[in-house]
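> In the UniProt record's numbering, the protein residues as written are 1 to 526.
This is the structure, below, for whatever I ask next.
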Amino acid sequence: MEIDSVRVESSLWIGNKRYRAFLSGWYFSWTEIDKRNREKKTISVPVSEVIGVKEGRVEIQPQKKVEDTDLDFTCKFLKPGCPGSMDHSTPNRPSRPHQLLVFINPFGGKKRGKQIFHSLVAPLFELAGISSHVVVTERANQARDYILKKDLTGFDGVICVGGDGMFSELLHGVIGRTQQEAGVSEHDPTVMLQPCDLHIGIIPAGSTDCVCFTTMGINDPVTSTLHIIIGDSQLLDVCSVHYQSTLVRYSVSMVGYGFYGDVLAESERHRWMGPLRYDYSGCMVYLCNRSYPGLVFAFSKERLFPHFESSSSLYSANVSQYSSELEGEWVTIEGRFKCISLTCISSSCPRSPKGLSPSAHLADGTADLILVRETNSLGFLTYLHRHTNIQDQFDLPFVEVHRVKAVRFSLPPGEEEEEEEEEYEEGDREIQASTESVLEDPEKLCCSNTAGHSQQHHTGRKERGNVTTSRVKRRGFVCGPCGTKPRSVSVWNCDGEILPHTEISCRVHGQLVRLFARGIEDSTMP
């Protein structure tokens, strides 16, 4: 008998209203019946959206109450059309997870990670028959190290209850483990990385939760949990960041130079202020009105906003080894920039609903390179403010945007010698010492790779003799209001971490990882 011909029907009462409930094909539906036995509105839910069915009245709250009867049952399902809900027409949905590895960051955001999991997530997992092994992290990179070293047999996915930092740990762990098992060197910037089969789920419990907001459309723990339960799968591009032949980090949301790097570096001097330090540092860096010289080599697939037609943009076909395997052309851009940003996703969040690049895709194998040229303070403020409203932040004469597959950044000739002659001030030495305690020694990365470990995101001390890192050591970030000598080189902000190198190369790896997500629902749908 064909599945479409199967029909299981029953009557049920909700208050004083009678309904006819039936299971036909792949849908569970119920129709209200009036007093004259006429059918009224019918509501249908795909069986794939049903979370679980329990006998009796079941109420999911901080304390779950169950009343067993023979007459009642409760059906929990993902309701389409509610805030943050997803388009439920995705075909070929994979099987649902049965066992998950959960990492909880008890220190992220408002420090409510454990409360969110136990009160909102765990009851839904129990209702759906999903078992979970929970690890409450106690130190940085514990989740990454666990994924790299422990036996993950039997787990259908790894879940982070935390913010973007915790997600980054899982990202590095999953990618690193996959490459180890496939025998692929992560440090080779030309290699094609092996796609990861182990899914990553995000339960938002951080301060910004940019990745969750971008892939879900809302930062809601219950919405994220429901999509994990029903086994949704969303492919995601990842950008690898290299210094010469050493992998530095992986990035999903942003690799930023100039303004965004300065804000992060300045905020490290004011950690005692908590989350307020980012607003404070942003204001101080903006008042400095800095711009930096740079030479950008971008393998451009499409030029989205070609506002510049001057000779400063030079096209070349012989810049990198990527040219033979990718479609596009290399463009060389030289000038002074307020900020340079590279993002694989829109990087939206509640404070910036459209994100850093509103038209960026999740899994098309490209990233958006945003170049903000040197401009006056009012012009740059207009650019920043447009991130918070519906105005187009790219529709400005000093903004240039490329859709790229690879990028390389270097300093113009002469900048290196100039920086070597600069002297450190007392404030520079203080921030240098704090930065050295969290950045990796490049030689250490290369040596540990032979032992079979993933080093893309370890923290440690920098090599003092390295010429490139010597340029990063300059600090004194509050140069304008405090009268400090302006610097000519900034630092890179990679998903909230300061990179130890200035001259880096980036490459986009299309559809490298899988998330328990479905993408944002199309707002134009009825």
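Ideal Cβ positions, reconstructed from N, Cα and C, are used throughout, including at glycine.
Residues bridged to Val222 by DSSP?
Answer by DSSP bridge pairing: none, since Val222 is not bridged.
> Going by C-alpha distance, which of Ile147, Cys160, Gly162, Glu169 is nearest Gln180?
For Gln180, the nearest C-alpha among the options comes from Ile147.
> I need the boundaries of the alpha helix (DSSP H) containing Leu193, first residue and last residue.
Per DSSP, Leu193 belongs to no alpha helix (DSSP H) and is neither H nor E.
> Per the DSSP calculation, Phe337 is bridged to which residue(s)?
The partner list for Phe337 (beta bridge, DSSP) reads Tyr292, Arg373.
> Do the segment 194-210 and the segment 330-343 touch if we need at least three Cβ pairs shorter than 8 Å?
Verdict: no, contact absent.
> In angstroms with no decimal places, state the Cα-to-Cα distance between residue 537 and Ser44.
Residue 537 cannot be examined here, being either before or after the span of the chain that is shown, 1 to 526.
> Taking Thr208 as the reference, give the member of Asn16, Pro353, Phe28, Glu32 with the closest Cα.
Ranking the options by Cα distance to Thr208, first place goes to Pro353.
> Does the structure place the segment 346-361 close enough to the segment 374-383 that three or more beta carbon pairs sit under 8 Å?
The answer is no - the segment 346-361 does not touch the segment 374-383, with fewer than three Cβ pairs under 8 Å.
> Give the single residue among Leu295, Leu396, Ile14 whose Cα lies nearest to the Cα of Val489.
Of the candidates Leu295, Leu396, Ile14, the one whose C-alpha sits nearest the C-alpha of Val489 is Leu295.
> Figure out for me which residue from Arg20, Trp26, Ile51 has the closest Cα to the Cα of Asn37.
Of the listed residues, the one whose Cα sits closest to Asn37 is Arg20.
> Is it buried or exposed for Cys196, if we count other Cβ within 10 angstroms and need 16 for buried?
So Cys196 counts as buried.
> At which residues does the alpha helix (DSSP H) containing Gly274 begin and terminate?
Taken as a continuous stretch (DSSP letters only), Gly274 belongs to no alpha helix (DSSP H), as it is neither H nor E.
> Give me, in chain order, the residues of the same chain whose beta-carbon lies closer than 8 Å to that of Arg277; leave out the 5 immediate sequence neighbours on both sides.
Closer than 8 Å at the Cβ level, and outside the excluded window around Arg277, lie Ser267, His270, Arg271.
> Going by alpha carbons, who is nearest to residue 540 out of Val248, Thr225, Val211, Val255?
Given a span of 1 to 526 for the chain in the structure shown, any question on residue 540 remains unanswerable.
> Could you check what DSSP says for Gly365 in three-state terms: helix, strand or coil?
Here Gly365 sits in coil by DSSP.
> Using only alpha-carbon positions, find the residue among Ile51, Asp34, Tyr27 that is nearest to Leu12.
For the residues Ile51, Asp34, Tyr27, the minimum Cα distance to Leu12 belongs to Asp34.
> How would you label Gln393, buried or exposed, when you count the other beta carbons within 10 angstroms and need 16 or more for buried?
Label assigned to Gln393: buried.
> For Leu342 versus Val407, is the C-beta spacing smaller than 7 Å?
Yes, Cβ-Cβ distance for Leu342 and Val407 is below 7 Å.
> For Arg518, count neighbouring C-beta atoms within 10 Å of its own C-beta (all shown protein chains included) and say buried if the count is 16 or more, exposed if not.
It counts as buried.
> Give me, in chain order, the residues of the same chain whose beta-carbon lies closer than 7 Å to that of Ser291; leave out the 5 immediate sequence neighbours on both sides.
Closer than 7 Å at Cβ, skipping near neighbours: Arg336, Phe337, Lys338, Glu374.
> Decide if Met273 is buried, meaning its Cβ has at least 16 other Cβ atoms within 10 Å, or exposed.
Met273 is exposed by the Cβ-count criterion.
> Hey, could you find the ends of the beta strand (DSSP E) Thr208 is sitting in?
First-last for Thr208: undefined, no H or E at that position.
> State the start and end residues of the unbroken beta strand (DSSP E) segment that holds Lys40.
It spans 39-46 - the beta strand (DSSP E) in which Lys40 sits, taken as one unbroken run.
> Please return the same chain residues whose Cβ sits closer than 7 Å to the Cβ of Lys301, not counting the five positions on each side in sequence.
Answer for Lys301: Glu327, Gly328, Thr366, Arg403, Val404, Lys405, listed in chain order.
> By the 10 Å Cβ neighbour count, where 16 or more other Cβ atoms means buried, how is Trp26 classified, buried or exposed?
With fewer than 16 Cβ atoms within 10 Å of its Cβ, Trp26 is classed as exposed.
> If you check the beta carbons only, do Gly113 and Val158 fall under 7 Å apart?
It is not a contact, given that the beta carbons lie outside the stated cut-off.
> Please classify Met192 as buried or exposed, where buried requires at least 16 other C-beta atoms within 10 Å of its C-beta.
Classification for Met192: exposed.
> Would you identify the three-state DSSP class for residue 527, choosing helix, strand or coil?
Any question about residue 527 goes unanswered here, given that the chain covers just 1 to 526.
> Could you check which residue in Gly15, Asn219, Cys239 has the C-alpha nearest to that of His172?
With distances taken between Cα atoms, His172 lies closest to Cys239.
> Near Glu503, which residues of its chain fall below 7 Å by C-beta distance, leaving aside the five closest residues on each side in sequence?
Phe409, Ser410, Leu411, Thr468, listed in sequence order.
> Give the secondary structure of Glu503 by DSSP, where H, G and I count as helix, E and B as strand, and everything else as coil.
Three-state DSSP puts Glu503 in coil, outside helix and strand.
> List the whole-angstrom C-beta distance separating Asp232 from Phe22, where the pair is believed to meet the contact cut-off of C-beta under 8 Å.
Contact doesn't hold; Cβ gap of about 26 Å is too wide.
> So, is Asn493 buried or exposed, given that buried needs 16 or more other C-beta atoms within 10 angstroms?
With 16 or more other Cβ atoms within 10 Å, it is buried.
> Write down the C-beta distance between Glu32 and Lys40 rounded to the nearest angstrom, noting that I regard them as a contact closer than 8 Å.
Indeed, because the Cβ distance is near 4 Å, the residues count as touching under 8 Å.
> Please report the straight-line C-alpha distance between Met216 and Pro350, rounded to a whole angstrom.
For Met216 and Pro350, the distance between alpha carbons rounds to 12 Å.
> Return the CA-CA distance between Ala143 and Val174, expressed in angstroms with no decimal places.
Computed Cα separation, rounded: 10 Å.
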